[in-house]
Amino acid sequence: MIHAKDINEQSTWQELTPGCEIYEPATARLTITGEWRTMAPAWEPEKCRQCLLCVPFCPDASIPVTDGKRADFDFDHCKGCGICYKVCPFQAITFGKEEK
Numbered sequence: 229m230i231h232a233k234d235i236n237e238q239s240t241w242q243e244l245t246p247g248c249e250i251y252e253p254a255t256a257r258l259t260i261t262g263e264w265r266t267m268a269p270a271w272e273p274e275k276c277r278q279c280l281l282c283v284p285f286c287p288d289a290s291i292p293v294t295d296g297k298r299a300d301f302d303f304d305h306c307k308g309c310g311i312c313y314k315v316c317p318f319q320a321i322t323f324g325k326e327e328k
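Next comes the structure, spelled out in structure tokens:
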């Protein structure tokens, strides 16, 4: 399969990464959608108070939590919507143009 960053004007539709093909439930983790992102969040752990307010607001479940503590973003699935940035009361998340 070819990824979005490798597509050029000569690519055929058969070479494109399939999307929106759902054949069974619970397969979202199998489709890497983070490559669609143009804006990206950045987590600043030193400012984070582990309130976890950002976690339920993330529509892509891209903020992993282990043992009651959040970790850095799952960038394979984060689409860069910025909701986590907006809801963080401690400015522990910044948001800007992603440099690839």
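For the sequence shown, this note's numbering puts the final residue at 328, and the numbers step up evenly by one. Don't be surprised by glycine CBs; every beta carbon is placed ideally from N, CA and C.
Using DSSP bridges, identify the partner residues of I321.
Paired residue(s): W271.
For my contact list, G262 and C316 are in at a C-beta cut-off of 8 Å; report their separation, rounded to the angstrom.
Not a contact, Cβ separation roughly 20 Å.
Does the distance from the C-beta atom of C312 to that of C279 stay below 8 Å?
In this structure, C279 does not lie closer than 8 Å to C312 by Cβ.
Can you tell which of I260, C282, W264 has its C-alpha closest to the C-alpha of A270?
Of the listed residues, the one whose Cα sits closest to A270 is C282.
Give a yes or no on whether the C-beta atoms belonging to G310 and M267 are separated by under 8 Å.
Yes, the Cβ-Cβ distance between G310 and M267 is below 8 Å.
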